[in-house]
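If you read the protein sequences in the order shown, they are chains A and B.
So that you can map any letter, position 103 of the first sequence is 133 in our numbering, and since no number is skipped, the others follow by simple counting.
So that you can map any letter, position 40 of the second sequence is 43 in our numbering, and since no number is skipped, the others follow by simple counting.
Glycine residues also receive a C-beta, built at the ideal position from the N, C-alpha and C atoms.
This one's a predicted model, so the numbers in the text were calculated from it and none came from an experiment.
First up is the structure itself, then whatever we jot down about it.
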Amino acid sequence: MADDMERAGLTSLVRSSGCNAKLPPGDLHRVLSELPPFHSEALIAGYESADDAFVYDLGDGRVLIETVDFFPPMVDDPFLFGEIAAANALSDIYAMGAEPSVALSIACFPSCLDLDVLKSIMLGARSKTDEAGCAIAGGHTISDREPKFGLAVTAVYDKDKVWTNGGARSGDSIILTKRLGVGVLMTASKGGECPEEAFDDAVLSMRTLNRHARNTAVRYSIHAATDVTGFSLLGHSAEMAEASECTIEINSSSLPVHRSAYDLAAFGFLPEGRYTNEDYIGSKVSFPEGFDRTLKDLMFSPETSGGLLLSMPKDDAENYVRSMEGNAWIIGRVIDRASLPVAVIM
Amino acid sequence: MVEIDARGRSCPEPVIMAKRALKENEEIDVLVDNRASLENVQRYGRAMKKQVSAKEEGTGWRIEIRR
Numbered sequence: 031m032a033d034d035m036e037r038a039g040l041t042s043l044v045r046s047s048g049c050n051a052k053l054p055p056g057d058l059h060r061v062l063s064e065l066p067p068f069h070s071e072a073l074i075a076g077y078e079s080a081d082d083a084f085v086y087d088l089g090d091g092r093v094l095i096e097t098v099d100f101f102p103p104m105v106d107d108p109f110l111f112g113e114i115a116a117a118n119a120l121s122d123i124y125a126m127g128a129e130p131s132v133a134l135s136i137a138c139f140p141s142c143l144d145l146d147v148l149k150s151i152m153l154g155a156r157s158k159t160d161e162a163g164c165a166i167a168g169g170h171t172i173s174d175r176e177p178k179f180g181l182a183v184t185a186v187y188d189k190d191k192v193w194t195n196g197g198a199r200s201g202d203s204i205i206l207t208k209r210l211g212v213g214v215l216m217t218a219s220k221g222g223e224c225p226e227e228a229f230d231d232a233v234l235s236m237r238t239l240n241r242h243a244r245n246t247a248v249r250y251s252i253h254a255a256t257d258v259t260g261f262s263l264l265g266h267s268a269e270m271a272e273a274s275e276c277t278i279e280i281n282s283s284s285l286p287v288h289r290s291a292y293d294l295a296a297f298g299f300l301p302e303g304r305y306t307n308e309d310y311i312g313s314k315v316s317f318p319e320g321f322d323r324t325l326k327d328l329m330f331s332p333e334t335s336g337g338l339l340l341s342m343p344k345d346d347a348e349n350y351v352r353s354m355e356g357n358a359w360i361i362g363r364v365i366d367r368a369s370l371p372v373a374v375i376m
Numbered sequence: 004m005v006e007i008d009a010r011g012r013s014c015p016e017p018v019i020m021a022k023r024a025l026k027e028n029e030e031i032d033v034l035v036d037n038r039a040s041l042e043n044v045q046r047y048g049r050a051m052k053k054q055v056s057a058k059e060e061g062t063g064w065r066i067e068i069r070r
């Protein structure tokens, strides 16, 4: 039994994978909005602000930043899955401008699988937390039919240096630090339709920490930041625009897209989250008439362990892109609040 | 008409089922029961330069893919 399941690969055990496994955002929002509100003077950012992590004021000029993220595998190799899950969870800390200090692992694991698989997942995660200079201090593992893995990550950081998604200013440039299309490529891969080179690109992209993108960005004036994950480029852009009370204009011709992702999207290899994302935020985004349908699909598709989305002054943006040497792209700009939070242009 | 029953399947499986069926048939019907499958199978049909239409049937949809 265990041998069969290992041969079949981790992804054969799960229905949805990566950040596509998120509960539809509309459903989650409905539940959260019905809970009694909680206010604490020390809680600077909580779930009400739709930021990447909560920020808790320690009162001495420092804040505690904490986030949790876990999901089912999108790749069959357990070590790679561990790396991707860890890079994805650590990203929320980088998106707040901070560096991760300590983490706890969260794992769900089928009792029919060999424990060496769990060990490989954890070793993969460990290689990424080591790279991040972050300790894994413990964790919790439960038995479950579908494997899942992730981290709860904590950072302690200077209060006045924290980035939020709420400071974008008119005139800023919008930067993205990873290509789009990972969600599409992983959906195709599940059907055995993703070309090997495209799969390798996607895996490399997902397991790459947003650490370098963050470390390079701290040298510039970052007005707002988030990362692009399950809520799609448009969803996370809308969150930033709403929190910043501005409109983000995305220039669709400048979007970096993984090779093969556009073609596979056109053939209908779209994650389910592409549709639930549009249900939730479609009314917040304007498209020009006759806009390319496949590009629209890509922009609404969930990403897993996606890049940072940064808002910074135009001059800084140009210098930042230069110093990122091909791993950052200016994809739009911030304008005064128009009729909708996000405007896509051709 | 060849009828592919992709009800109860989640993406990308219905697209793969349609792809396999279209290798051997010029025209097929695909039954689906969730929106992602409805949209994705139609996209596949259109990308294959077919005439595609869908109508509600029971608790799901019938997608007609024609040459």
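Along the chain, where does the beta strand (DSSP E) that runs through residue i open and close?
| i | result |
| --- | --- |
| residue 173/A | 165 to 173 |
| residue 100/A | 92 to 101 |
| residue 122/A | It is not in any beta strand (DSSP E) - residue 122/A instead sits in the alpha helix (DSSP H) that spans 108 to 124. |
| residue 203/A | 203 to 206 |
For residue i, return the contacting residues in chain B, with the cut-off set at a CB-CB distance below 8 Å.
| i | result |
| --- | --- |
| residue 217/A | 14 and 15 |
| residue 45/A | 13 |
Comparing alpha-carbon positions, which option in the options lies nearest residue i?
| i | options | result |
| --- | --- | --- |
| residue 412/A | 246/A, 263/A and 290/A | The displayed coordinates of chain A run from 31 to 376. Any statement about residue 412/A would go beyond what the structure contains. |
| residue 319/A | 376/A, 235/A, 348/A and 367/A | 376/A |
| residue 203/A | 107/A, 278/A and 69/A | 278/A |
| residue 11/B | 64/B, 70/B and 69/B | 64/B |
| residue 323/A | 212/A, 178/A and 304/A | 304/A |
| residue 83/A | 126/A, 168/A, 112/A and 336/A | 126/A |
| residue 282/A | 57/A, 315/A and 306/A | 315/A |
| residue 105/A | 73/A, 154/A and 307/A | 154/A |
| residue 191/A | 215/A, 164/A and 244/A | 244/A |
Against residue i, what residues of chain A qualify as contacts under a CB-to-CB distance less than 7 Å, listed in chain order?
| i | result |
| --- | --- |
| residue 38/B | 305 |
Could you check if residue i is buried or exposed, using at least 16 other CB atoms within 10 Å of its CB as the buried criterion?
| i | result |
| --- | --- |
| residue 207/A | buried |
| residue 260/A | buried |
| residue 220/A | buried |
| residue 37/A | Because the pLDDT of residue 37/A is 47, which lies under 50, any placement of that residue in the model is unreliable, and the question is left without a value. |
| residue 212/A | buried |
| residue 34/A | For residue 34/A, the pLDDT reaches just 43, beneath the cut-off of 50, and the residue's location in the model is therefore unreliable, although a value from the coordinates is still provided. Result: exposed. |
List, in chain order, every chain B residue whose beta-carbon is nearer than 7 Å to that of residue i.
| i | result |
| --- | --- |
| residue 220/A | 15 |
Taking 7 Å as the limit between beta carbons, can you name the residues of its chain near residue i, skipping five residues before and five after?
| i | result |
| --- | --- |
| residue 185/A | 95, 123, 128, 129, 130 and 131 |
| residue 32/A | In this predicted model, residue 32/A has a pLDDT of only 41, less than 50, meaning its place in the structure is not dependable; the value taken from the coordinates is given anyway. So the list reads 142, 143 and 144, once near-sequence residues are dropped. |
| residue 367/A | 275, 276 and 277 |
| residue 251/A | 342, 343 and 346 |
| residue 296/A | 324 |
| residue 209/A | 235, 286, 287 and 288 |
Using a Cβ cut-off of 9 Å, pull out every chain A residue sitting near residue i, in sequence order please.
| i | result |
| --- | --- |
| residue 30/B | Ordered by position in chain A, no residue passes the 9 Å Cβ test against residue 30/B, which lies about 18 Å from the chain. |
| residue 46/B | 295, 296, 297, 298, 299, 300, 323, 324 and 327 |
| residue 68/B | By Cβ distance, chain A contributes nothing, its closest Cβ being about 12 Å from residue 68/B, past 9 Å. |
Output needed for residue i: all residues of its chain with C-beta closer than 6 Å, excluding positions within five of it in sequence on either side, in chain order.
| i | result |
| --- | --- |
| residue 176/A | 43, 44 and 102 |
| residue 81/A | 75, 194 and 195 |
| residue 137/A | 171 and 179 |
The alpha helix (DSSP H) that contains residue i, what's its start and end?
| i | result |
| --- | --- |
| residue 141/A | Careful: residue 141/A lies outside any alpha helix (DSSP H) and carries neither H nor E. |
| residue 250/A | Residue 250/A -> no alpha helix (DSSP H), and no H or E assigned at all. |
| residue 43/B | 38 to 50 |
| residue 64/A | It is not in any alpha helix (DSSP H) - residue 64/A carries neither H nor E in the DSSP assignment. |
| residue 270/A | 262 to 274 |
| residue 188/A | Premise fails: residue 188/A lies in the beta strand (DSSP E), 178 to 188, not in any alpha helix (DSSP H). |
Starting from the beta carbon of residue i, find every residue of chain A whose beta carbon is closer than 8 Å, and list them in chain order.
| i | result |
| --- | --- |
| residue 50/B | 296, 297 and 298 |
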